[in-house]
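**Student:**
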Ligand SMILES: Cc1cc2nc3c(=O)[nH]c(=O)nc-3n(C[C@H](O)[C@H](O)[C@H](O)COP(=O)(O)OP(=O)(O)OC[C@H]3O[C@@H](n4cnc5c(N)ncnc54)[C@H](O)[C@@H]3O)c2cc1C
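Residue numbers (the numbering used here): 35 to 453.
1) Helix, strand or coil for residue 313 per DSSP?
2) Residues bridged to residue 148 by DSSP?
3) Tell me whether residue 312 is buried or exposed, calling it buried when 16 or more other Cβ atoms sit within 10 Å of its Cβ.
4) Quick check: does the Cβ of residue 50 come within less than 6 Å of any heavy atom belonging to ligand 1?
5) Of all the options 353, 202, 420 and 42, which has the alpha carbon lying nearest to the alpha carbon of residue 196?
6) So what does DSSP say about residue 44, is it helix, strand or coil?
7) With burial defined as no fewer than 16 other Cβ atoms inside 10 Å of the residue's Cβ, what is the status of residue 389: buried or exposed?
8) Could you tell me whether the segment 280-290 touches the segment 230-246, using the rule of 3 or more Cβ pairs below 8 Å?
9) Please determine whether the Cβ atom of residue 217 lies at a distance below 6 Å from any heavy atom of ligand 1.
10) In whole angstroms, what separates the C-alpha of residue 39 from that of residue 57?
11) Could you tell me which residues DSSP pairs with residue 94 in its beta bridges?
12) Note down, one range per segment and in chain order, each alpha helix (DSSP H) of at least 4 residues found wholly within the segment 267-318.
13) Suppose you measure from the CA of residue 156 to the CA of residue 52; what does that come to, to the nearest Å?
14) Taking 7 Å as the threshold (C-beta atoms), are residue 204 and residue 81 in contact?
15) Classify residue 452 as buried or exposed, calling it buried when 16 or more other Cβ atoms lie within 10 Å of its own Cβ.
16) When the Cα atoms are used, what is the spatial distance from residue 50 to residue 73?
17) Near residue 441, which residues of its chain fall below 6 Å by C-beta distance, leaving aside the five closest residues on each side in sequence?
18) On the criterion of 16 or more Cβ atoms from any shown chain inside 10 Å, does residue 92 qualify as buried, or is it exposed?
Structure follows, in structure tokens:
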């Protein structure tokens, strides 16, 4: 027997209350639409609360739309309309208007001045309430019913939602424990959409070297990491990295992870850390000589911390084959050169990437050529819209991915409200 279900009617039903869905709900209701927001968790925006190490890197200060979209590779062109409609400056203004002050950090990363992702979350919860959006949490969607090329209703466990328009913003597959389990891909595929294979991106890199676990938690600033294959340099990045128990993470590693994964698919690769990128080999040699000369009777283990984080010293000496108790004056030229080359080219062997559990975002998703970039409306199902990470768009770290949610959510909400 089918249970009796209450019928809820509205102008726009949004499935998925992450950043994209919440922004769409706020904008659509501002435009006068009666909005129902459906979320399967006990509360909206669980992933949002974790963003930027709970500080939420809201967006990036790159205000030039062309420059901004170039960070998304070939798919970036699709974003242009959404960014022109609601771009970085509009986003900052939106947050200020809702009493969340912002600040800019290194690399143009924009955070709430309070350093609290919770403030961004509260902004949306309060805006949703004030605008009269009906928020249904812990709701399980049984089915989406189609009639011709339109959605007729969404069947929940205890209710039927009948809406003029529908928006799917269920995110990707990364950090599935936050609710992003790819449900939207399944529905979209059933409705005829093409799904570009979802893959983990912005994810830590695993390395073969077992001793790396001793360095867990050590962060590196101002290093250059280069990746080679068949002795040829493929790419490099300068900035911050972090040792994990099983490999490397941190901004530059996350940004290179997709390319490292691609490289590993075609064969083994090598990774080198340059701890002193500001000095060339000759300058570094002089610097080491000066440190050794000025500390002739100290042991090398006490001299190296001038050049390296303390936690790396013993490891570096072991790799160089130098006893930590040797005095500065006893280090031979060969040993000095060995140290210099390890400081400039410390080798590690990448063996793979961590999966969706630890990936910041998902690459792949709904094929962009099946969505109207001016409205975010499906070209296949006339009353369906998409927004956020479910789309086949992936940007680097630095606030780019949340901006996709703000821009596409705002545009989709506004378009769906007008239609
Ligand atoms: C640890 C971490 C840190 C990050 N930090 C940053 C950062 O600082 N800056 C940045 O730009 N990006 C960051 N990101 C990426 C960013 O969080 C995502 O790109 C963004 O959350 C995607 O938003 P979304 O609304 O599209 O989807 P999501 O945030 O994934 O939200 C989707 C929502 O849909 C709900 N849902 C799913 N299926 C159903 C269903 N069947 N029924 C009802 N509801 C459903 C989910 O429960 C969830 O609430 C980070 C990601 C992670 C994992």
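Note that CB positions come from ideal geometry on N, CA and C, so glycine has one too.
**Tutor:** Concretely, from the data shown:
1) coil
2) According to DSSP, residue 148 bridges with nothing at all.
3) exposed
4) yes
5) 42
6) strand
7) Looking at its Cβ environment, which holds fewer than 16 other Cβ atoms inside 10 Å, residue 389 is exposed.
8) yes
9) yes
10) 28 Å
11) 143
12) 285-299
13) 13 Å
14) With respect to the 7 Å criterion, residue 81 and residue 204 are not classified as neighbours on the basis of their beta carbons.
15) exposed
16) One C-alpha to the other measures close to 5 Å.
17) 116, 117 and 120
18) buried
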